[in-house]
Ligand SMILES: [Zn+2]
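Residue numbers (mature numbering (1 follows the signal peptide of the UniProt record, and there is no 0)): -27 to -1, 1 to 287.
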């Protein structure tokens, strides 16, 4: 894996370099847990009514039956970025994936409610994290940790939000900010400005308030099916648009439905993506930075259930 290309994009890494030397003898135990074949909600981007069109996920129950990966002991080598095996061996940071933050409606199916979290329940999730001593981290911190061993808060968590839905701006972001938390918002650009979705101005505001804006393609097509020009339509142009909106480079990508394959990774790298986030599938042994794991924080989950899933899945 060539990490050189990430260096200019991560000046923070340079600052971490001296720390890296100090940490070079630090051996990190990696306890990683993988599940098989999760499928994110299928959201037809052009549909006026996404909530009604969400098919059943088949992944959430799998998270309880998670085989442990053998722990490996590896050391960071001073003067170089960690190789893939070293990255995989590090303890994973829990990363949660939310979709819609809004109260349930009568027509919402049981399965859809995995992807729709009522406002009060969302507040309870975030309060549990804060009360339990979790601190949010952003992708740049995660990358520094994974590639150089830079330290993280004692109980790190990353909060991610997919699909651009409006409740992420009106409910989620203010709730995070109450606790000094920051989130990562993966934007599907086709939906910008549509009813019940965020506007460009709202995305810009989230960015200005210190949250991170990432790409979730133009219209949520499965990355595994892209050919030729699809990469321009689904990755290049949306990145450019989001960079124009926020005034910041777009370096993080979330796979629609969590679906990815190794062939997608060089295409994403060519287009400036320093890391890519899937759901709870096994990571790519050659490129764990472009197959970072997340779990969907189900709307059915109490704060206790969420905490249990975090502990068991990462
Ligand atoms: Zn999505």
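Note that CB positions come from ideal geometry on N, CA and C, so glycine has one too. If you're wondering where the values come from, they're calculated on a predicted model, not measured in any experiment.
| Item | Value |
| --- | --- |
| Buried/exposed call for residue 284, threshold 16 Cβ in 10 Å | exposed |
| Segment contact, 8 Å Cβ cut-off, at least three pairs: the segment 117 to 134 with the segment 58 to 78 | yes |
| Cβ shell of residue 173 (< 8 Å), same chain only, five flanking positions each side left out | 165, 166, 218 |
| Proximity of residue 225 and residue 246 at Cβ, strictly below 8 Å | yes |
| Residue 136 CB to nearest heavy atom of ligand 1 below 7 Å | yes |
| From 248, 265, 249, residue whose alpha carbon lies closest to that of residue 255 | 265 |
| Coil, strand or helix - residue 39 by DSSP | Here residue 39 scores only 38 on pLDDT, less than 50, and its place in the model should not be relied on; the value that follows carries that caveat. Three-state result, residue 39: coil. |
| Helix, strand or coil at residue 239 according to DSSP, with G and I counted as helix | helix |
| Contact test: residue 193 Cβ vs ligand 1 heavy atom, cutoff 7 Å | yes |
| Status (buried if at least 16 other CB within 10 Å, exposed otherwise) for residue 104 | exposed |
| Pairwise C-alpha distance: residue 135 and residue 190 | 11 Å |
| For residue 108, three-class secondary structure by DSSP | strand |
| Boundaries (first-last residue) of the alpha helix (DSSP H) holding residue 181 | 173 to 181 |
| Straight-line Cα distance separating residue 187 from residue 49 | Unreliable placement is indicated for residue 49, whose pLDDT of 44 sits below 50; the coordinate value is still reported in the next sentence. Roughly 28 Å between the two C-alpha positions. |
| Cβ contact (3+ pairs, closer than 8 Å) linking the segment 82 to 89 and the segment 108 to 117 | no |
| The alpha helix (DSSP H) enclosing residue 133, as first and last residue numbers | That residue, residue 133, is in no alpha helix (DSSP H); its beta strand (DSSP E) goes 129 to 135. |
| Cβ contact (3+ pairs, closer than 8 Å) linking the segment 147 to 154 and the segment 93 to 101 | yes |
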